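The sequence shown: position 121 = 222 (the numbering used here), numbered continuously.
All residues carry an ideal CB built from backbone N, CA and C; glycine is no exception.
Computed from a predicted structure; not experimentally measured.
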Amino acid sequence: MSNKKTPPNTQPSEQGSASRYAKIRAHSARHGSEILITSAIVLVFLVLFIQFKSADILIAEIFLLSAALVGMLVGYLKLREPFYSIFLDKQKLSYNHKYGWWQLDVDNLQQVGVVSIDQAMQTLELNVVGLSLKREDEFLNKLSPRLAGRLLVEQRHYLLQAIKAYCRDGNECPPQWLVEDTEYVSQSGQKYTGLLAMFANRMKNLKFLTGYEILIPAAMLDRDIWAFSYLLHRWQRDPANTVVQLQQQLNSHSSK
Numbered sequence: 102m103s104n105k106k107t108p109p110n111t112q113p114s115e116q117g118s119a120s121r122y123a124k125i126r127a128h129s130a131r132h133g134s135e136i137l138i139t140s141a142i143v144l145v146f147l148v149l150f151i152q153f154k155s156a157d158i159l160i161a162e163i164f165l166l167s168a169a170l171v172g173m174l175v176g177y178l179k180l181r182e183p184f185y186s187i188f189l190d191k192q193k194l195s196y197n198h199k200y201g202w203w204q205l206d207v208d209n210l211q212q213v214g215v216v217s218i219d220q221a222m223q224t225l226e227l228n229v230v231g232l233s234l235k236r237e238d239e240f241l242n243k244l245s246p247r248l249a250g251r252l253l254v255e256q257r258h259y260l261l262q263a264i265k266a267y268c269r270d271g272n273e274c275p276p277q278w279l280v281e282d283t284e285y286v287s288q289s290g291q292k293y294t295g296l297l298a299m300f301a302n303r304m305k306n307l308k309f310l311t312g313y314e315i316l317i318p319a320a321m322l323d324r325d326i327w328a329f330s331y332l333l334h335r336w337q338r339d340p341a342n343t344v345v346q347l348q349q350q351l352n353s354h355s356s357k
């Protein structure tokens, strides 16, 4: 179950013509170099200014120094993110993460939509796009334990929001929802252990609570969650034409 394949964003030409992909860049990965350089310049200027002035350091100057350091950290973290987060072609969706990637074949996508929960007589969007699968084994067998473990941590707050909304209505909340089991048996009888089993149990719990098993956060997209959900609906119905149209749209935006 190890992830030994070359991620599609690293060397797409090794898997065929790069034109077969429509590539989406995440909002979270943008402007990293600009933030890092600007913050570094501000930091150097402040250090020189404080060093050569005769008066004591002011609280405002300390605040600006701290902000510049935080800005450098933010810029550095943005630069560590993959340049592209989503690859779409006529066969599959590839989700690229700095800790690995997962893939979903178009014929394994059962349903896509914006994840929402009922809370205090209102419908609350979780700011993620949800995917439900037809065949869980096909997805899990391509998922690396390293990425599974990272996603368990990063997306835990979405699960907690769904659990709170469910329990607030007076429903019983099983304790295994909070700590996923390290063993899992799929509907086809395949057994999983460790991080993959924990992720599979998380998928099962999310399916029960929200109707979706896989989450794509808004920060990983280049458009709002409703627009991306609509895009995947189109891709599910007509993958080839949707990819071509998306490529044209992205090329048009990049040329402006």
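Name the two residues that bound the continuous alpha helix (DSSP H) containing V254.
Start at 1 with the first residue of the sequence shown, and residue 254 comes out as number 153. Counting along the chain, the alpha helix (DSSP H) containing V254 begins and ends at P246 to E255.
Excluding the 5 residues flanking L165 on each side, which residues of the same chain have their C-beta closer than 8 Å to its C-beta?
The sequence position of residue 165 within the sequence shown is 64, counting from 1. These residues qualify, in order along the chain: V143 and L147.
What is the DSSP secondary structure of K305, reduced to helix, strand or coil?
In the sequence shown, the residue the question calls residue 305 occupies position 204. Here K305 sits in helix by DSSP.
Which of the three DSSP states is assigned to K265 in this structure?
Taking the sequence shown and counting its residues from 1, one reaches residue 265 at position 164. Three-state result, K265: helix.
Among I151, L205, M222 and D219, the one whose alpha carbon lies nearest that of L241:
In the sequence shown, the residue the question calls residue 241 occupies position 140. Ranking I151, L205, M222 and D219 by Cα distance to L241 puts L205 first.
Can you have a look at F309 and say buried or exposed, based on whether 16 or more other CB atoms are within 10 angstroms of its CB?
To locate residue 309, count along the sequence shown from 1; it is residue 208. With a 10 Å radius around the Cβ and a threshold of 16 neighbouring Cβ atoms, F309 comes out exposed.
Apply the 10 Å Cβ neighbour rule to D190 and answer buried if 16 or more other Cβ atoms are within range, or exposed otherwise.
Working through the sequence shown from its first residue, we reach residue 190 at position 89. By the C-beta density criterion, D190 is buried, having at least 16 other C-beta atoms within 10 angstroms.
Starting from the C-beta of C268, find all residues in its chain whose C-beta is less than 8 Å away, skip the five residues before and the five after it, and write them out in chain order.
In the sequence shown, counting from the first residue as 1, residue 268 sits at position 167. Within the same chain, C268 has close Cβ partners C274.
Rounded to the nearest angstrom, how far is the Cβ of E237 from that of Q288, given a contact under 8 Å?
Taking the first residue of the sequence shown as 1, we reach residue 237 at position 136. Taking the first residue of the sequence shown as 1, we reach residue 288 at position 187. About 7 Å separates the two Cβ atoms, so the contact holds.
Report all residues from its chain with a CB closer than 6 Å to the CB of F84; omit the five preceding and five following residues, and keep chain order.
The displayed coordinates of the chain run from 102 to 357. Any statement about residue 84 would go beyond what the structure contains.
By a C-beta neighbour count over all protein chains shown, 10 Å radius and 16 as the cutoff for buried, is N318 buried or exposed?
Position 217 of the sequence shown, counted from the first residue, corresponds to residue 318. Note on identity: in this sequence residue 318 is Pro, with Asn being the wrong assignment. That one is buried.
Whether L314 touches M299 by CB criterion (7 Å)
Looking up residue 314 in the sequence shown gives position 213. Looking up residue 299 in the sequence shown gives position 198. This sequence places Glu at residue 314; Leu is not what is there. Not in contact: E314 and M299 (Cβ atoms no closer than 7 Å).
Helix, strand or coil for G231, going by three-state DSSP, please let me know.
Numbered from its first residue, the sequence shown carries residue 231 at position 130. Residue state, collapsed to three classes: strand.
Closer than 6 Å by C-beta to L296: which residues in its own chain qualify, once you throw out the five before and the five after it? Chain order, please.
In the sequence shown, residue 296 corresponds to position 195, counting from 1. The answer, listed in chain order, is P246, A249 and G250.
On the DSSP bridge list, what partners appear for A123?
Walking along the sequence shown from the start, residue 123 turns up at place 22. DSSP lists L189 as partners of A123.
Going by beta carbon distance, what residues of the same chain come within less than 8 Å of E226, once the five residues before and after it are set aside?
On the sequence shown, residue 226 is found 125 positions in, with the first residue counted as 1. Closer than 8 Å at Cβ, skipping near neighbours: V215, V216, S217 and I326.
Taking only three categories from DSSP, how would you classify D208?
In the sequence shown, the residue the question calls residue 208 occupies position 107. Three-state DSSP puts D208 in a helix.
Name the two residues that bound the continuous beta strand (DSSP E) containing I378.
Summary: the structure shown does not reach residue 378, with the chain confined to residues 102 through 357, and so no result is reported for it.
Given a cut-off of 7 Å, decide if V207 and L333 are closer than it, judged by their beta-carbon atoms.
To locate residue 333, count along the sequence shown from 1; it is residue 232. To locate residue 207, count along the sequence shown from 1; it is residue 106. No, the Cβ-Cβ distance between L333 and V207 is not below 7 Å.
Is the beta carbon of K235 closer than 7 Å to that of N209?
Here residue 209 corresponds to residue number 108 of the sequence shown, with the count starting at 1. Here residue 235 corresponds to residue number 134 of the sequence shown, with the count starting at 1. Judged by their CB atoms, N209 and K235 are nearer to each other than the 7 Å cut-off.
Euclidean distance between Cα positions of A266 and L260
Residue numbering aside, residue 266 sits at position 165 when the sequence shown is read from its first letter. Residue numbering aside, residue 260 sits at position 159 when the sequence shown is read from its first letter. Rounded to the nearest whole angstrom, the CA to CA distance from A266 to L260 is 10 Å.
Just curious, the beta strand (DSSP E) that Y200 is in, first and last residue?
In the sequence shown, the residue the question calls residue 200 occupies position 99. From DSSP, Y200 is part of no beta strand (DSSP E); its letter is neither H nor E.
Put R236 into one of helix, strand or coil per three-state DSSP.
Stepping through the sequence shown from its first residue, residue 236 is reached at position 135. Here R236 sits in coil by DSSP.
Using the rule of at least 16 other Cβ atoms within 10 Å of the residue's Cβ for burial, across every protein chain shown, is N342 buried or exposed?
Looking up residue 342 in the sequence shown gives position 241. Counting Cβ neighbours within 10 Å, N342 comes out exposed, since fewer than 16 surround it.
What are the residues that DSSP puts in a beta bridge with L194?
Against the sequence shown, residue 194 aligns to sequence position 93. In the DSSP assignment, L194 is bridged to L189 and L205.
In the DSSP output, what is V345 paired with across the bridge?
For the purposes of this step, residue 345 is taken as the residue at position 244 of the sequence shown. In DSSP, V345 forms no bridge with anything.
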